[in-house]
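Novice: Protein chains in written order, with the working numbering: chain C, 1 to 299; chain Z, 1 to 299. Pasting in a structure now, in C-alpha cells, and then I'll have a few things to ask.
Protein chains: 2
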Amino acid sequence: MLDKDTISAEFKTLQDNICQALEAADGSGKFVEDQWQREGGGGGRSRVLQDGSVLEKGGVGFSAVYGNTPEALQQKMGFPQGEFFATGVSIVMHPHNPHVPIIHMNVRYFELSNGTFWFGGGIDLTPHYIVPEQAAYFHQQLKQVCDKHNPAYYPEFKAWADRYFYLPHRQETRGIGGIFFDRLKPEGRRDKTALHTFVMNVGRAFAPIYTHLIALNKDKPYTEAQKEWQLLRRGRYVEFNLVWDQGTKFGLETGGRTESILMSLPQHASWRYNHQVQADSPEAQTLAQLKQGIDWFSI
Amino acid sequence: MLDKDTISAEFKTLQDNICQALEAADGSGKFVEDQWQREGGGGGRSRVLQDGSVLEKGGVGFSAVYGNTPEALQQKMGFPQGEFFATGVSIVMHPHNPHVPIIHMNVRYFELSNGTFWFGGGIDLTPHYIVPEQAAYFHQQLKQVCDKHNPAYYPEFKAWADRYFYLPHRQETRGIGGIFFDRLKPEGRRDKTALHTFVMNVGRAFAPIYTHLIALNKDKPYTEAQKEWQLLRRGRYVEFNLVWDQGTKFGLETGGRTESILMSLPQHASWRYNHQVQADSPEAQTLAQLKQGIDWFSI
Chain C
1 MLDKDTISAE FKTLQDNICQ ALEAADGSGK FVEDQWQREG GGGGRSRVLQ DGSVLEKGGV
61 GFSAVYGNTP EALQQKMGFP QGEFFATGVS IVMHPHNPHV PIIHMNVRYF ELSNGTFWFG
121 GGIDLTPHYI VPEQAAYFHQ QLKQVCDKHN PAYYPEFKAW ADRYFYLPHR QETRGIGGIF
181 FDRLKPEGRR DKTALHTFVM NVGRAFAPIY THLIALNKDK PYTEAQKEWQ LLRRGRYVEF
241 NLVWDQGTKF GLETGGRTES ILMSLPQHAS WRYNHQVQAD SPEAQTLAQL KQGIDWFSI
Chain Z
1 MLDKDTISAE FKTLQDNICQ ALEAADGSGK FVEDQWQREG GGGGRSRVLQ DGSVLEKGGV
61 GFSAVYGNTP EALQQKMGFP QGEFFATGVS IVMHPHNPHV PIIHMNVRYF ELSNGTFWFG
121 GGIDLTPHYI VPEQAAYFHQ QLKQVCDKHN PAYYPEFKAW ADRYFYLPHR QETRGIGGIF
181 FDRLKPEGRR DKTALHTFVM NVGRAFAPIY THLIALNKDK PYTEAQKEWQ LLRRGRYVEF
241 NLVWDQGTKF GLETGGRTES ILMSLPQHAS WRYNHQVQAD SPEAQTLAQL KQGIDWFSI
C-alpha cells in the first residue's frame, strides 16, 4: 500500500544509497550523521561530508515531519487548517575542483489531513565552467527519466527549472538548470503510484549522473584563477539560496532546523565588487550561457 | 535653507571625508569610484576599497534618487502615490585582521511629495572577537553623540539596534549592536534642523570611532584558527544581510543597483556544518555576548 510511511521509508533508503555512492566516488570523505527531532512532530537525518578528496562540503538530508499545520504554512503556502505530513530528501554538493559542477537534488511528498497530497522535486546542475557536451549529457539523462513517464514532463519541468533557479538581481540562471516540479497530483491516468515511481526514478538518477560527472572532471588540473572564479560562483549560489530560494527562506523564517537548511552553503565563497570577466575567456563563455531557455541539445 | 539638495550635498561631503580618513587609516588601499545613474531619476557614487593593508574589502556608497514613487515602495513601505526623494551614505568595512571589527554605518533622508520627510540611520559594530573595553568605548562614543541632542536617544536607539541587527534563525545578534533609528520626524522642539544636525553628527562620528578601533587592533598577531573564525563570522554577516536586512532585500527585489547593494558582502566567507566552539574559548565568550539587551557599560 502506497501510504506516507512507505514513501518516507523509500526516501530514507534513497538517502542511504546516495550517501554510499557519493562516498565511493569521493574515495576518502565520510558522511557524518545528525539525527534531529522536530518540536510538534517528526524529525530527520542530516548527513554532511566535509573535507573529502573530491567533495569539499556536501549535505544529504532526509526528513519526515508532521503535526498541526503551522500558521506560517497556512499563510505562505495556502495550506488549510488541520494536519500536514511532509517527507523528502535534499542534496547539495560543493566539490573542491572547479571543473566538477555543483549539484542539487530534491524529492518530496506532502499530505494534508483534508486528503490532498502531492509530489515535488528536481535536479539541477551548476557548473563553474559549462562544458557543452556535459550539459547535453546531464539534460539527456533527465529527459530519459522524464520520457519514460510522460514525454510532456521534460520540456515542462526543464522550463520550470529555468524559471525557478534564476537570480533576477543578476539576470543570471543559477547554472544550466535541469528539471523542477511541484504539486504533482494524480490526473487522468496518472495515479499516485505512477507519480511515486517517477519521483523515485528522479531520485535514483542522481547518483549515477553525478558520479559520472565527478569521474569526468575530478582529475583535471586547475589554476589559482579558476579556483577564485569558483569561489565567486559559489557567492552567487549563496545569493540564490538566501535571497530567492523559497524553501530556504521559508525554513529560516518559520523556525526550521537552521543547520540542516544551510547545509547547502559552500565551505568557502567570495565576493568582489563588480567583477568583470575577460572577453572570450572560459568565464565569459560560461556567463553567456547562464540564461533561461537554452536548448542544451543544440549548443 | 535646509532643503533636500543641501542635505544631499552634505552627505556627499561626508562620503568624501570618510573615504579620506579610511584611506589614511589603511595606509595603502585606495577607493575606486563608480558613478551610476538610476533609470527614473538620480544616481550615486559607489566607492570600494579592495585589498588594502588593513581593509580587505569595504564600500562607502552615496546616493540621491528620486522620481515617481515605485509600486514596490508603495506596497512594501507604505509610501503614498506621488514622488519621492531619498539620499544617504552607507558603509560596511571588512578588515583583514580578525581582531579589527567589521563596522556598518548608514545615514539617510527621505522626502515625499505630500510634504512628509524623515531621517534614519545608525552605526553598529561586529567584532569577530568581542573586547569588553572596546565595546564600552564604542557605545560610549555613540551615547555621547546621542546625549548632545536628547538623553532619550541612546537607550531608545540602542534597543532598536539590538532588535534590528538580529538573526532569528541563529538566535544571535549580528555583533554588539550600536544605534539604529528610522522615520525620525520633527516633534515638539525637535525641528528639521535639529534632526539634520543629529544625523550629520552620527555620520561624522564614524571615522574617528573606526580609525581608533583600527589603530588599537590592526597590528595584533593572529592565528590560522582565528582567521577561520573570522570567515565563519562573516558567513553570519552574509546571512543577516541577505536574509534579514530590509534594505538589502528590498533593493534586490525591486531592481536596485546590485553591485552597490552587495558592496556590504565580504571578499571571503565560510560555512561549516554545525560548527561548535570550545568551552571557555575566546570564540565561546564572543558567542555568549551576541545577545540582545546587554549593557556594554557594565560587563
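Where is the CB? At the ideal position from N, CA and C, for every residue including glycine.
Between which two residues does the alpha helix (DSSP H) harbouring C/Ser-281 extend?
Specialist: That residue, C/Ser-281, is in no alpha helix (DSSP H); it is neither H nor E in DSSP.
Novice: Quick one: which chain C residues come within Cβ less than 9 Å of Z/Ser-63?
Specialist: Those within 9 Å of Z/Ser-63 in chain C number zero; the least Cβ separation is about 16 Å.
Novice: Given that C/Arg-170 touches chain Z, what residues does it touch there, using C-beta distances under 8 Å?
Specialist: Thr-258, listed in chain order.
Novice: Comparing C-alpha positions only, which one of Z/Ser-281, Z/His-268, Z/Asn-217 sits nearest to Z/Gln-50?
Specialist: For the residues Z/Ser-281, Z/His-268, Z/Asn-217, the minimum Cα distance to Z/Gln-50 belongs to Z/His-268.
Novice: Starting from C/Met-347, follow the beta strand (DSSP E) in both directions and report where the run begins and ends.
Specialist: Nothing can be reported for residue 347 of chain C, as the shown portion of chain C is limited to 1 through 299.
Novice: Quick test of your reading: C/Ile-102 and C/Thr-126, contact by CB under 8 Å. State the CB separation rounded to the nearest angstrom.
Specialist: Rounded, the Cβ-Cβ distance is 4 Å, consistent with contact.
Novice: Kindly indicate which three-state DSSP category C/Pro-132 falls into: helix, strand or coil?
Specialist: Reduced to three states, the DSSP call for C/Pro-132 is helix.
Novice: Does the structure place the segment 93-100 of chain Z close enough to the segment 44-59 of chain Z that three or more beta carbon pairs sit under 8 Å?
Specialist: Yes, since at least three Cβ pairs between the segment 44-59 of chain Z and the segment 93-100 of chain Z fall closer than 8 Å, the two stretches touch.
Novice: Under a three-way DSSP split, which group does C/Thr-116 fall into?
Specialist: The answer is coil: DSSP assigns C/Thr-116 none of H, G, I, E or B.
Novice: With a threshold of 8 Å between beta-carbons, can C/Met-200 be considered close to chain Z, or not?
Specialist: No, C/Met-200 does not count as interfacial toward chain Z.
Novice: In terms of residue numbering, what span does the beta strand (DSSP E) encompassing Z/Ser-270 cover?
Specialist: 268-270 is the span of the beta strand (DSSP E), which, as asked, contains Z/Ser-270.
Novice: For the alpha helix (DSSP H) containing Z/Phe-206, list its first residue and its last residue.
Specialist: 192-217 is the span of the alpha helix (DSSP H), which, as asked, contains Z/Phe-206.
Novice: Taking Z/Asp-34 as the query, report the chain C residues whose CB atoms sit under 9 Å from its CB, ordered along the chain.
Specialist: Neighbours of Z/Asp-34 on chain C, chain order: Tyr-273, Asn-274.
Novice: In chain order, what residues of the same chain lie with their CB nearer than 7 Å to the CB of C/Gly-52, ignoring the 5 residues before and after it?
Specialist: Only Asp-26, Ser-28, Gly-29 meet the Cβ criterion.
Novice: Is there at least one Cβ from chain C nearer than 8 Å to Z/Gly-122's Cβ?
Specialist: No, no contact with chain C.
Novice: Which value, in whole angstroms, describes the spacing of the CA atoms of Z/Ile-179 and Z/Trp-229?
Specialist: So the alpha carbons of these two residues sit roughly 26 Å apart.
Novice: Hey, does Z/Met-263 have any beta-carbon neighbour from chain C nearer than 8 Å?
Specialist: Yes, Z/Met-263 lies at the interface with chain C (some Cβ there is under 8 Å from its Cβ).
Novice: To the nearest angstrom, report how far apart Z/Gly-188 and Z/Leu-195 are at their CA atoms.
Specialist: Taking the straight line joining both Cα atoms gives about 12 Å.
Novice: Please confirm whether Z/Leu-232 has its beta-carbon closer than 8 Å to some beta-carbon of chain C.
Specialist: Not one chain C Cβ lies under 8 Å of Z/Leu-232.
Novice: Our contact map puts Z/Ile-123 next to Z/Val-202 with C-beta atoms below 8 Å; I'd like the distance itself, whole angstroms only.
Specialist: Yes, they are in contact, since the Cβ atoms of Z/Ile-123 and Z/Val-202 sit about 6 Å apart, within 8 Å.
Novice: Report back the beta-carbon spacing between Z/Phe-138 and Z/Ile-209 to the nearest angstrom; my notes put them in contact at under 8 Å.
Specialist: That pair is a contact at about 6 Å.
Novice: Is there contact between the segment 255-263 of chain C and the segment 252-262 of chain Z, where contact requires at least three CB pairs shorter than 8 Å?
Specialist: With the cut-off at 8 Å, the segment 255-263 of chain C and the segment 252-262 of chain Z do not touch.
Novice: Closer than 9 Å, Cβ to Cβ, to anything on chain C: give me those residues from the segment 22-33 of chain Z, in chain order.
Specialist: Listed by position along the chain: Val-32.
Novice: Between the beta-carbon of Z/Leu-2 and the beta-carbon of Z/Lys-185, is there less than 8 Å?
Specialist: Going by C-beta atoms, Z/Leu-2 is not nearer than 8 Å to Z/Lys-185.
Novice: From the beta carbon of Z/Gln-37, is the nearest beta carbon of chain C less than 8 Å away?
Specialist: Answer no: the Cβ-Cβ gap between Z/Gln-37 and chain C never drops below 8 Å.
Novice: Hey, would you say Z/Gly-31 sits closer than 8 Å to Z/Val-107, going by beta carbons?
Specialist: It should be pointed out that residue 31 of chain Z corresponds to Phe in this sequence rather than to Gly. No, Cβ-Cβ distance for Z/Phe-31 and Z/Val-107 is not below 8 Å.
Novice: Going by DSSP, which residues form a beta bridge with C/Asp-34?
Specialist: Paired residues: C/Ser-46.
Novice: Using three-state DSSP, classify Z/Ala-86 as helix, strand or coil.
Specialist: Three-state result, Z/Ala-86: strand.
Novice: In the DSSP assignment, what are the bridge partners of C/Asn-150?
Specialist: According to DSSP, C/Asn-150 bridges with nothing at all.
Novice: Taking 7 Å as the limit between beta carbons, can you name the residues of its chain near C/Trp-160, skipping five residues before and five after?
Specialist: Excluding sequence neighbours, C/Trp-160 sits near Phe-180, Phe-181.
Novice: Along the chain, where does the alpha helix (DSSP H) that runs through Z/Ala-238 open and close?
Specialist: In the sequence under discussion, the amino acid at residue 238 of chain Z is Val, which differs from the Ala named in the question. Run containing Z/Val-238: 224-239, per the alpha helix (DSSP H) assignment.
Novice: Measuring alpha carbon to alpha carbon, tell me which of Z/Lys-4, Z/Ile-7, Z/Arg-45 ends up nearest Z/Cys-19.
Specialist: Per the Cα distances, Z/Arg-45.
Novice: Does chain Z have any CB closer than 8 Å to the CB of C/His-268?
Specialist: Yes, C/His-268 lies at the interface with chain Z (some Cβ there is under 8 Å from its Cβ).
Novice: Please name the residue in C/Gly-78, C/Val-48, C/Gly-42 whose C-alpha comes closest to that of C/Gly-67.
Specialist: Ranking the options by Cα distance to C/Gly-67, first place goes to C/Gly-42.
Novice: Using the beta-carbon of each residue, which ones in chain Z are nearer than 8 Å to C/Val-48?
Specialist: Under the 8 Å cutoff, chain Z gives Tyr-273, Asn-274.
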